[in-house]
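**Student:**
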Amino acid sequence: MLDFINELHDSHKQVDSAIEHYLVMFLNRDISLLAQAIRYSVLLGGKRLRPFLVYQTGKLFGIKSSKLNAPAAAIECMHAYSLIHDDLPVMDNDKLRRGYPTCHVKFGEAIAILAGDALHTLAFTILSEAHMPTIADQDRLKMIATLAAASGANGMCFGQSLDLINKNNKNISATQLETIYQYKTGSLIRAAVRIGALSAGNKSRDALESLDHYATTIGLAFQIRDDIIDTSSYAYDNKKGERVKSIRSKHDNTYSKIFGLNTARSKAEELYCESLASLKYIAKLGYNISTLSAFSRYIIKRSD
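When we follow the numbering used here, the leftmost residue of the sequence shown carries the number 111, and every step to the right adds one.
1. Around the Cβ of D120, are there at least 16 other Cβ atoms within 10 angstroms (buried) or fewer (exposed)?
2. Figure out for me which residue from D414, A190, E239, T401 has the closest Cα to the Cα of G168.
3. What separation, rounded to the nearest whole angstrom, lies between the Cα atoms of Y165 and Q286?
4. Using the C-alpha atoms, what's the distance from E186 back to A225?
5. Take A147 and list the residues in its own chain whose beta-carbon comes closer than 7 Å to its own, dropping the five residues that flank it on each side.
6. Using the Cα positions of A331 and S320, report the straight-line distance between them to the nearest angstrom.
7. I need the DSSP call for P211, collapsed to helix, strand or coil.
8. Give the single residue among N276, D414, P181 whose Cα lies nearest to the Cα of V303.
9. Where in the region 274 to 330 do unbroken runs of the alpha helix (DSSP H), each at least 4 residues long, occur, reported from the N-terminal end onward?
10. Just the C-alpha distance for F171 and I399, rounded to the nearest angstrom, thanks.
11. K360: buried (16+ other C-beta within 10 angstroms of its C-beta) or exposed?
12. Compute the Euclidean distance between the alpha carbons of K123 and N281, then round it to the nearest angstrom.
13. Taking the straight line between their C-alpha atoms, what separation do you get for T244 and K177?
14. Within the chosen definition, does the region 326 to 340 reach the region 372 to 386 through at least 3 CB pairs nearer than 8 Å?
15. Span of the alpha helix (DSSP H) holding Y391?
16. Leaving out the 5 sequence neighbours to the left and right, which residues in its chain are closer than 7 Å to A228 when beta-carbon positions are compared?
17. Can you give the Cα-Cα distance for P199 and L318, rounded to whole angstroms?
18. Specify, as a first and last residue, the run of the alpha helix (DSSP H) that I115 falls within.
19. Just curious, the alpha helix (DSSP H) that I148 is in, first and last residue?
20. Identify every run of the alpha helix (DSSP H) within the region 233 to 276, keeping only runs that are complete inside it and at least 4 residues long; order them along the chain.
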């Protein structure tokens, strides 16, 4: 597991460096308040799990991580956009993100909305304009289409709308909640895996279906594990220097809150086993699945 953590750390540094590069390249007025809000939100922290999946899925097919900086950065920009908008008062109304004031708390709602909009478009600017000489134009277009589908009305936005509609639904079923998770959280995780595979062109074609199932299972496991963590822990407010109970854990529907911690843990374990089953087929094709297997373990064991 130590090797995996080191890889995760190295990936984090690499994608942050790439994001910095693209911010300098594509932000014409870097000193503006909008630019400050963009930088604050996209470089505030986080584990960079989605870029990690881009790098590692590409690596599965022999693609060097240095060739994947653009799609990895694009995925993280899209993720940062989604967090800014999810945190807004009309959405999840969160005051803290990774222990720091959320974008709208620090910069105001109007600038936060614009920062999210800008990061959304920046993701596509990077994918369409960044130098990616080893990736064929047809595969670049597929990456753009994949990210568009994952982030729009058939992806994250749909999931967020279902979440808002069901906020006060005390009779929500496991199927309904899992559907919300698959779209709101899982869409971008599936996109990260697919985009990493698309970097290899036709070489990855036979593995795409299994990789998609793998991504679907870990996406759902990730959100259920988040629910377990929210139920049993507190967020840390860096400004106040104290722990605070998150708004989400107190008021929103979560898997552990609705169905209990034991059921949530059992479901996460079941999904972990499903993810490994998906990887077995890929291993039969001759690919090294060790890092993606370790990622599955990390997802259901993490504590923050």
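Virtual Cβ for every residue (Gly too), placed ideally from N, Cα, C.
**Tutor:** Considering the structure as presented:
1. By one-based count along the sequence shown, residue 120 stands at place 10. Looking at its Cβ environment, which holds fewer than 16 other Cβ atoms inside 10 Å, D120 is exposed.
2. Reading the sequence shown from its first residue, position 58 is the one you call residue 168. For G168, the nearest C-alpha among the options comes from T401.
3. Here residue 165 refers to the residue found at position 55 of the sequence shown. Here residue 286 refers to the residue found at position 176 of the sequence shown. Rounded to the nearest angstrom, the two C-alpha atoms are 32 Å apart.
4. On the sequence shown, position 115 is the one that residue 225 refers to. On the sequence shown, position 76 is the one that residue 186 refers to. Approximately 14 Å, taken between the alpha carbons.
5. Mapped onto the sequence shown, residue 147 falls at position 37. The residues are C213, F217, I221, A222, A225.
6. Here residue 331 is taken as the residue at index 221 of the sequence shown, counted from 1. Here residue 320 is taken as the residue at index 210 of the sequence shown, counted from 1. Cα to Cα, A331 sits roughly 17 Å from S320.
7. By 1-based counting over the sequence shown, the position of residue 211 is 101. Strand, per DSSP.
8. Locating residue 303 in the sequence shown gives position 193, where the first residue counts as 1. Looking from the CA of V303, the closest CA among N276, D414, P181 belongs to P181.
9. 284 to 294, 296 to 308
10. In the sequence shown, the residue the question calls residue 171 occupies position 61. In the sequence shown, the residue the question calls residue 399 occupies position 289. Spanning the alpha carbons of F171 and I399 requires a straight line of approximately 11 Å.
11. Reading the sequence shown from its first residue, position 250 is the one you call residue 360. Confidence at K360 is low in this model, with a pLDDT of 47, below 50, so its placement is unreliable and no value can be given for it.
12. Along the sequence shown, one-based indexing puts residue 123 at 13. Along the sequence shown, one-based indexing puts residue 281 at 171. When rounded, the distance between both Cα atoms is 43 Å.
13. The residue labelled residue 244 in the question sits at position 134 within the sequence shown. The residue labelled residue 177 in the question sits at position 67 within the sequence shown. Near 7 Å, if we compare the C-alpha coordinates of K177 and T244.
14. yes
15. If you number the sequence shown from 1, residue 391 lands on position 281. Segment 371 to 394, the alpha helix (DSSP H) holding Y391.
16. If you number the sequence shown from 1, residue 228 lands on position 118. Cβ neighbours of A228 beyond the five flanking positions: L144, I148.
17. As a first step, residue 199 must be located in the sequence shown, where it is residue number 89. As a first step, residue 318 must be located in the sequence shown, where it is residue number 208. Rounded to whole angstroms, P199 to L318 spans 38 Å at the Cα level.
18. Along the sequence shown, one-based indexing puts residue 115 at 5. Counting along the chain, the alpha helix (DSSP H) containing I115 begins and ends at 112 to 136.
19. Along the sequence shown, read from residue 1 onward, the residue named residue 148 stands at position 38. 143 to 152 is the span of the alpha helix (DSSP H), which, as asked, contains I148.
20. 247 to 261, 266 to 275
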